[in-house]
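Numbering-wise (my numbering), the sequence shown opens with residue -8 and increments by one.
Positions of the beta carbon are idealized from the N, C-alpha and C atoms, including for glycine.
Keep in mind the model is a prediction, meaning the values are calculated, not measured.
Notes follow once the structure below has been shown.
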Amino acid sequence: MALRAGDRAPAFDLPSTSGEKVSLEGLRGRKVVLFFYPKDQTPGCTREACDFRDRYDALRAAGAEVFGISKDSIASHGRFREKQALPYPLLSDADSAVATAYGAFGMKTLYGKQILGTIRSTFLIDEKGMIEAAWSPVKVDGHAEAVLATLKGEAPPSEKKAASKRTTAPKG
């Protein structure tokens, strides 16, 4: 089951393309955008990663660290990051344990078939390690824009265009 706004974000400690391990504990005090995607260099995943790339400066200006996560190796991530000029680190969740903890791994429909795999999902985590907003499953088109709007406290673009099944934590 995917996490929802108001839930505590599960701890993680994963290797990254920055050459260092990244942990949720090490990110305390900062907002974090974690987006889980199925596979490097595939059409939908490339569009999503590039949409976050194109909004990276605005996401950082709004106070968030950005990380993409898939089960691909660091070597694969490095090639993907270089080819697409991604400014943010990619984290390798080789056994999908972190994706599972976040509810971003399980049965999904792909081309009309039920398969076990990564469920495209994004989590906005607050400075205290709580889920501020969650999107699962994600529709790529308009999604990064919706995450940025939520981070800035603005009304996100229409859910039809952006991302389905979004939850946000109550304010206050």
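Could you tell me the boundaries of the alpha helix (DSSP H) in which residue i lies?
{"i": "D42", "result": "34 to 45"}
{"i": "T141", "result": "134 to 142"}
{"i": "F236", "result": "Residue 236 lies beyond the range of the chain shown here (-8 to 163); nothing can be said about it."}
{"i": "A90", "result": "88 to 92"}
Can you give the Cα-Cα distance for residue i and residue j, rounded to whole angstroms?
{"i": "I122", "j": "G59", "result": "16 Å"}
{"i": "L142", "j": "K74", "result": "27 Å"}
{"i": "A66", "j": "A85", "result": "12 Å"}
{"i": "A55", "j": "Y47", "result": "9 Å"}
{"i": "R21", "j": "L82", "result": "18 Å"}
{"i": "I110", "j": "L139", "result": "21 Å"}
{"i": "G17", "j": "P1", "result": "13 Å"}
{"i": "A49", "j": "V57", "result": "11 Å"}
{"i": "T100", "j": "K130", "result": "13 Å"}
{"i": "Q105", "j": "H68", "result": "26 Å"}
{"i": "P29", "j": "E11", "result": "22 Å"}
{"i": "T37", "j": "G133", "result": "14 Å"}
Would you call residue i buried or exposed, if buried means 16 or more other Cβ atoms sit within 10 Å of its Cβ?
{"i": "I116", "result": "buried"}
{"i": "K164", "result": "Residue 164 lies beyond the range of the chain shown here (-8 to 163); nothing can be said about it."}
{"i": "D42", "result": "buried"}
{"i": "P147", "result": "buried"}
{"i": "S7", "result": "buried"}
{"i": "S127", "result": "buried"}
Report yes if the C-beta distance between residue i and residue j is below 8 Å; otherwise report no.
{"i": "D31", "j": "F71", "result": "yes"}
{"i": "Y124", "j": "A(-4)", "result": "It should be noted that the sequence gives Ala, not Tyr, for residue 124. Taking 8 Å as the Cβ cut-off, A124 and A(-4) qualify as a contacting pair."}
{"i": "L107", "j": "G120", "result": "no"}
{"i": "S9", "j": "P80", "result": "yes"}
{"i": "F27", "j": "Y102", "result": "no"}
{"i": "V89", "j": "L5", "result": "yes"}
{"i": "L77", "j": "A40", "result": "yes"}
For the beta strand (DSSP E) containing residue i, name the first residue and the last one.
{"i": "A59", "result": "Residue 59 is actually Gly in this sequence, not Ala. Its beta strand (DSSP E) spans residues 55 to 61."}
For my contact list, residue i and residue j are in at a C-beta cut-off of 8 Å; report their separation, rounded to the angstrom.
{"i": "T91", "j": "L25", "result": "Their Cβ separation, rounded to whole angstroms, is 14 Å, which puts T91 and L25 out of contact at 8 Å."}
{"i": "E118", "j": "R19", "result": "7 Å"}
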